[in-house]
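Input: a single structure, listed below in structure tokens.
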Amino acid sequence: MNVAVAIDDEVPHEAAPSTSEAGPAPKRIVVGFGFWVFLLSDIVMFASLFAAYAVLAQATAGGPSGLQLFNQVSVAIETACLLASSYTCGLMSLAISVRRYATVYLGALITFVLGAAFLALEVREFAGMIAIGAGPQRSAFLSAFFTLVGCHGLHVTAGLAWLVVMMAQVAIKGFQAAVERRLLCFSLFWHALDIVWVWLFTVVYLMGVVS
Amino acid sequence: MTDTQYDRAPGDASALPDVERGTSSGVLVYTIGLALAVVLTAMSFWVANTSLLWAGGIALGLTVLAIAQMGVHLVFFLHVTTGPDNTNNVMALAFGVLIVTLVVVGSLLIMADLNDNMMPTAEIMNPHMQH
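Right, dumping it as structure tokens:
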């Protein structure tokens with residue numbers, strides 16, 4: 018900045034320096050933005066699975082349709098679990114910013130339990146469908162259904178494992194900058210999964226029951 | 665030099681002074697988001713099950729409710745704003761939305777068009793017989 022003042026001292030320099038003069042952004046911003054871009058690419062992958070499902074939704078090959086298979090009560094409970102876990106995940110990030118260990122652990126525990134309840138309901142639904150012969154090999158509709166919903170379920174499973182690892186890191190390493198960045202990425206991931214689920218219950222379950 | 669305007673990391677809440685961070689105002693933002701999301705979800709389930717609405721418009725209504733709920737999640741949970749420190753996050757998001765729209769709408773249009781132009785045999789005329 019002193020160099021700039023020497024060259025051009027007519028311009029008042031109360032303004033903050035531009036970002037290009039100030040050097041690279043803090044690592045939290047770089048990491049957060051990079052993970053944001055990854056999440057968007059992940060959502061593009063989900064979009065292709067959604068497109069495949071939407072194209073094949075009527076191709077039941079004489080097998081059961083969504084209207085016969087989907088249980089709306091179970092879907093409503095799954096939705097409530099995931100939404101509530103997104104909320105507790107948000108409260109956990111607030112507790113992280115003020116370094117409250119007990120609240121962070123409590124938030125993580127509730128988030129984990131709700132996520133696990135969601136997964137248990139989904140596995141039970143899948144098992145019930147496979148048991149009555151409506152597995153992924155039955156029709157193009159069911160192949161697309163299991164791929165799309167199963168892919169979201171795998172993401173939730175990965176998120177739960179990630180949450181356990183993060184709590185171990187908080188317990189062992191404390192709130193180091195690196196741990197905080199990973200927790201930021203985790204909460205982004207968890208909220209993004211909830212957004213995918215909004216589209217899932219709308220497009221797959223509710224529209225499937227309507228048509 | 666300390667007040668350089670960097671971008672804000674996605675997911676970081678903005679503009680709250682340090683004293684307020686993590687206290688009641690942050691909780692309030694998440695709680696408002698949760699309440700709005702619950703209302704929109706309940707409306708989605710109601711719209712799908714009611715017989716009061718014109719059946720042809722239900723899919724469109726559900727889509728609008730899902731877009732609204734996505735907006736609620738982005739604003740209240742992911743703290744995406746229109747502020748200058750969020751421009752890069754919003755631009756990346758807009759690009760993602762563009763690709764998603766192209767993939768989904770493009771696939772549906774192309775496949776519907778292909779189905780329309782198929783030679784009308786008895787088997788193909790019945791969409792339930794596709795493998």
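Going down the list, the sequences are from chains A and B. Residue numbers are given in our numbering: position 116 of the first sequence equals residue 133, and the series is strictly consecutive. Residue numbers are given in our numbering: position 112 of the second sequence equals residue 776, and the series is strictly consecutive. The beta carbon of each residue, even a glycine, is placed where N, CA and C say it ideally should be.
Sub-8 Å separation of alanine 732 (chain B) and leucine 704 (chain B) beta-carbons: Taking the second sequence and counting its residues from 1, one reaches residue 732 (chain B) at position 68. Taking the second sequence and counting its residues from 1, one reaches residue 704 (chain B) at position 40. Leucine 704 (chain B) is positioned such that its CB atom lies closer than 8 Å to that of alanine 732 (chain B).
Chain B residues whose Cβ lies nearer than 8 Å to that of serine 160 (chain A): Indexing the first sequence from 1 puts residue 160 (chain A) at position 143. The premise fails here: serine 160 (chain A) is roughly 10 Å from chain B at the closest Cβ pair, so nothing lies under 8 Å.
Could you check the C-alpha separation between alanine 71 (chain A) and glutamine 669 (chain B) for me, to the nearest Å? As a first step, residue 71 (chain A) is located in the first sequence; it is residue number 54 there, counting from the start. As a first step, residue 669 (chain B) is located in the second sequence; it is residue number 5 there, counting from the start. So the two alpha carbons sit approximately 44 Å from each other.
In this structure, does DSSP put isoleucine 149 (chain A) in helix, strand or coil? For the purposes of this step, residue 149 (chain A) is identified with residue 132 of the first sequence, where counting begins at 1. In the structure shown, isoleucine 149 (chain A) adopts coil according to DSSP, grouped into three states.
Contact criterion: CB-CB distance below 8 Å. Does glycine 675 (chain B) meet it with respect to chain A? Start at 1 with the first residue of the second sequence, and residue 675 (chain B) comes out as number 11. True, the Cβ-Cβ gap to chain A drops below 8 Å.
Using Cβ-Cβ distances below 7 Å, what residues of the stretch 193–214 of chain A are close to chain B? Correct list: Leu201, Ser204, Leu205, His208, Asp211 and Ile212.
Answer with buried or exposed for alanine 706 (chain B), where buried requires no fewer than 16 other C-beta atoms within 10 angstroms of its C-beta. Taking the first residue of the second sequence as 1, we reach residue 706 (chain B) at position 42. Result: exposed.
Quick check: what's the CA-CA separation for valine 226 (chain A) versus histidine 737 (chain B)? As a first step, residue 226 (chain A) must be located in the first sequence, where it is residue number 209. As a first step, residue 737 (chain B) must be located in the second sequence, where it is residue number 73. C-alpha separation (whole angstroms): 25 Å.
Bounding residues of the alpha helix (DSSP H) (the contiguous stretch that carries methionine 707 (chain B)): Here residue 707 (chain B) refers to the residue found at position 43 of the second sequence. Bounds of the alpha helix (DSSP H) holding methionine 707 (chain B) are 688–713.
Reducing DSSP to helix, strand and coil, say where serine 771 (chain B) ends up. Sequence index remark: in the second sequence, residue 771 (chain B) carries index 107 (1-based). It is helical.
Pull out every residue of the stretch 49–62 of chain A whose Cβ sits closer than 7 Å to any Cβ of chain B, in chain order. Answer set for the stretch 49–62 of chain A: Gly49, Phe50, Trp53, Val54, Leu57, Ile60 and Val61.
What whole-angstrom Cβ distance do valine 187 (chain A) and valine 196 (chain A) have, given they're in contact under 8 Å? Your numbering for residue 187 (chain A) matches position 170 in the first sequence. Your numbering for residue 196 (chain A) matches position 179 in the first sequence. The Cβ separation is near 6 Å, so the contact holds.
What number of angstroms, rounded off, separates the C-alpha of tryptophan 207 (chain A) from the C-alpha of isoleucine 127 (chain A)? Indexing the first sequence from 1 puts residue 207 (chain A) at position 190. Indexing the first sequence from 1 puts residue 127 (chain A) at position 110. Put simply, the backbone Cα of tryptophan 207 (chain A) is about 13 Å away from that of isoleucine 127 (chain A).
Can you name the start and end residues of the alpha helix (DSSP H) that leucine 738 (chain B) belongs to? Along the second sequence, read from residue 1 onward, the residue named residue 738 (chain B) stands at position 74. From DSSP, leucine 738 (chain B) is part of no alpha helix (DSSP H); its letter is neither H nor E.
Among A:Ala133, A:Thr120, A:Ala42 and A:Gly152, which one has its Cα closest to the Cα of threonine 77 (chain A)? What you label residue 77 (chain A) is simply residue 60 of the first sequence in a count that begins at 1. Nearest of A:Ala133, A:Thr120, A:Ala42 and A:Gly152 to threonine 77 (chain A), Cα basis: A:Gly152.
Quick one: give me the first and last residue of the alpha helix (DSSP H) that phenylalanine 158 (chain A) is part of. Counted from its first residue, the first sequence places residue 158 (chain A) at position 141. Start and end: 157–190.
Comparing C-alpha positions only, which one of A:Lys190, A:Ala64, A:Thr164 and A:Val130 sits nearest to glycine 176 (chain A)? As a working note, residue 176 (chain A) is residue 159 in the first sequence. Of the candidates A:Lys190, A:Ala64, A:Thr164 and A:Val130, the one whose C-alpha sits nearest the C-alpha of glycine 176 (chain A) is A:Val130.
Compare the beta carbon distance of valine 671 (chain B) and asparagine 752 (chain B) with 8 Å and say whether it is the shorter of the two. Translated into the one-based positions of the second sequence, residue 671 (chain B) becomes position 7. Translated into the one-based positions of the second sequence, residue 752 (chain B) becomes position 88. Here residue 671 (chain B) turns out to be aspartate, not valine, going by the sequence shown. Yes, Cβ-Cβ distance for aspartate 671 (chain B) and asparagine 752 (chain B) is below 8 Å.
Let me see if you follow: with CB-CB separation under 8 Å, is serine 715 (chain B) close to chain A or not? Here residue 715 (chain B) is taken as the residue at index 51 of the second sequence, counted from 1. With 8 Å as the cut-off, serine 715 (chain B) does not count as an interface residue toward chain A.
Based on Cα-Cα distance, which residue from A:Phe158, A:Phe218 and A:Ala39 lies nearest to glycine 13 (chain A)? In the structure displayed, chain A extends from 18 to 228; residue 13 (chain A) sits before or after that span and is not available.
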